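Colleague: Counting from 26, one number per residue, gives the positions in the sequence shown under my numbering. Following this message is one structure expressed as structure tokens.
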Amino acid sequence: MNVTEFLRDRLAEDEESLRLDETSAQQDEGALRRGRAELRAKRAIVELHQGLSDIWGFHGCLTCGNVADTTDGFPCPTIRALAAVYADHPSYDQGWRPR
């Protein structure tokens, strides 16, 4: 599993949790709206920060810069920060930790 797949899976779990909160009325509507907005924002960030390999074999982030010019590679700092939220998950790879 790569970090992008990992994040998509965790966000799907978060969405399911939010749905359960909606049906059980455990949260107020403002908190539910913010939760839905947060999920949309995180998904957009994951899609913007895709890993990319160029013809020379450099691997990096599509958004953070030209893969040949970046020293961060992939996962980029943005994806590392998002994934770190789920560091206690059994599928989390310690190699994704923020540097």
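Where a beta carbon is used, it is the ideal one built from N, C-alpha and C, also for glycine. This structure is a prediction, so every number in the text was calculated from the model and none was measured.
Can the beta-carbon of Y117 be found less than 8 Å from the beta-carbon of A108?
Modeller: yes
Colleague: Per DSSP, C86 is paired with what?
Modeller: Answer is G76.
Colleague: P115: buried (16+ other C-beta within 10 angstroms of its C-beta) or exposed?
Modeller: exposed
Colleague: If you draw a straight line from the C-alpha of G60 to the C-alpha of G120, how long is it?
Modeller: 28 Å
Colleague: In terms of residue numbering, what span does the alpha helix (DSSP H) encompassing R33 cover?
Modeller: V28 to S49
Colleague: Between the segment 69-88 and the segment 39-56, are three or more C-beta pairs nearer than 8 Å?
Modeller: no
Colleague: Tell me which same chain residues have a C-beta within less than 7 Å of the C-beta of Y111, skipping the five on either side of it?
Modeller: R35 and Y117
Colleague: Could you name the residues of the same chain whose beta carbon sits closer than 8 Å to that of E54, not counting the 5 residues immediately before and after it, in chain order?
Modeller: none
Colleague: Work out the CA separation of R33 and R65 for me, nearest whole Å.
Modeller: For R65 and R33, the distance between alpha carbons rounds to 11 Å.
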